[in-house]
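Accompanying notes for the structure given below.
Number of protein chains: 2
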Amino acid sequence: MQGKFDPLLLENQLCFPLYAAAKALVRRYEPFLEPLGLTYTQYIVMLVMWERKVASVNEIGERVHLDSGTLSPLLNKLVSKGFLEKTKGEDSRFRFIALTKSGEELRKRAESIPMQIGCCMDFTQEEATTLYTLCYKMLNQVS
Amino acid sequence: MQGKFDPLLLENQLCFPLYAAAKALVRRYEPFLEPLGLTYTQYIVMLVMWERKVASVNEIGERVHLDSGTLSPLLNKLVSKGFLEKTKGEDSRFRFIALTKSGEELRKRAESIPMQIGCCMDFTQEEATTLYTLCYKMLNQVS
DNA sequence: TCTAGATAAATTGTATGCAATATATTTATT
DNA sequence: AATAAATATATTGCATACAATTTATCTAGA
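Protein chains in written order, with the numbering used here: chain A, 1 to 143; chain B, 1001 to 1143.
What follows is the structure, encoded as structure tokens:
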């Protein structure tokens, strides 16, 4: 009478809710980011730049887990929007990406976004911390 | 002496570990799926088809949280690989997607993948369940 | 019955992601 | 100094994602 556990049932896979929840959360950010002229991926790059002010493409990539194939065109877009500028380093293999004044000013407009996202979610602080910790544990183990 | 909490620090955002962990986990699946001729997204669609045998594009889309813009070309690829076939329904606005014999056989080769992924991760059953539950909670709240 | 919505799927356009390759530059070795 | 290996970034090719539009078909009301 008891059904055998099916490992291939969508609902029995941990990967799927993680994959779907991540996509859904990114989509939730987009209406808040659109007025700033940013996509979600551009936003996480800006988070790094607001903190670092200057960084090489590699340094940004390690921080956000993206490679040059994704970052090169994305950084060009942020440069053409005026939020970043790109210069060669002494070692001219490097490109140094730097925050512009316009990029710095954008920070103020982004500051309230995390709270606005958090507000409309019914997560306790403990649940959020648990999810955060387990995601980082997953990230460390699989990447 | 105490630094103010910065909501825009990458490490202070819940979205980032979720986004990065999901991408990393998907990448972890790909070497196991490549011999079967599937990408990760194609795999989750096959999970639905192994369970359902027949479904409309919309039904698949609701299940995997993807729209026709993603599914139409993806289903065409699975049809051209011989795993699925597509027929018109009575109401010819619908396309009915059905599992082929070859698609059915592929199931056996996929059966061990979830365990192989799980094995190389140091997650307790409780941690996995907690992560699973919180991701579904997130998904239900933001989508 | 005729036609205005409604519905399902496909198409278009833009932006990722990432593997693999190419290019440019630097460093190490002879 | 000449060149092989290493390094940083850019480019290419393929596969998503998803909003917005289009196409095809169906249904309900005049």
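We put the CB at the ideal spot given by N, CA and C, even for glycine. The model shown is predicted, which means the values in this text are computed figures rather than measured ones.
Within a Cβ cutoff of 7 Å, which residues of the same chain sit near residue i, ignoring the five residues on either side of it in sequence?
i: E951(B); result: Since the first residue of chain B shown is 1001 and the last is 1143, residue 951(B) is not available in this structure.
i: C119(A); result: none
i: L74(A); result: T41, Q42 and V45
i: L156(A); result: Given a span of 1 to 143 for chain A in the structure shown, any question on residue 156(A) remains unanswerable.
i: R107(A); result: W50
i: R1109(B); result: L1036
Can the beta-carbon of residue i be found closer than 9 Å to that of residue j?
i: A22(A); j: A1021(B); result: yes
i: P114(A); j: P1017(B); result: no
i: F83(A); j: G89(A); result: no
i: C15(A); j: I1060(B); result: no
i: L1009(B); j: R63(A); result: no
i: F123(A); j: K1137(B); result: yes
i: L1134(B); j: L131(A); result: yes
i: V142(A); j: M1121(B); result: yes
Note down, in chain order, each residue of its chain lying with its Cβ closer than 8 Å to the Cβ of residue i, except the 5 sequence neighbours on either side.
i: K971(B); result: Here chain B has residues from 1001 to 1143 only, and residue 971(B) is not among them.
i: V26(A); result: Y40
i: T100(A); result: G82, F83, L84 and E85
i: E1185(B); result: This structure gives no information on residue 1185(B), because the portion of chain B shown stretches from 1001 to 1143.
i: T1129(B); result: none
i: N12(A); result: F5 and D6
Report all residues from its chain with a CB closer than 6 Å to the CB of residue i; omit the five preceding and five following residues, and keep chain order.
i: A98(A); result: V54 and E85
i: S1080(B); result: none
How would you call residue i, buried or exposed, if buried means at least 16 neighbouring beta carbons within 10 angstroms?
i: F1005(B); result: exposed
i: G1003(B); result: exposed
i: Q1125(B); result: exposed
i: R28(A); result: buried
i: G69(A); result: exposed
Bridge partners of residue i, per DSSP?
i: I97(A); result: A55(A) and K86(A)
So if I threshold CB-CB distances at 7 Å, which residues from the segment 1083-1106 of chain B count as touching chain A? none
What are the residues in the segment 1059-1075 of chain B lying within 8 Å of chain A by C-beta distance? R1063, V1064 and H1065
With 7 Å as the limit, tell me which residues of the segment 1005-1017 of chain B have their beta carbon closer than that to any beta carbon of chain A; keep them in chain order. P1007, L1008, L1009, L1010, Q1013, L1014, C1015, F1016 and P1017
Taking a Cβ distance cut-off of 7 Å, strictly less, list which residues of the segment 1027-1050 of chain B are near chain A, in chain order. R1028, Y1029, I1044, L1047, V1048 and W1050
Near-chain B residues of the segment 121-142 of chain A (beta-carbon distance less than 8 Å), N- to C-terminal order: M121, D122, F123, E127, A128, T130, L131, Y132, L134, C135, Y136, K137, M138, L139, Q141 and V142
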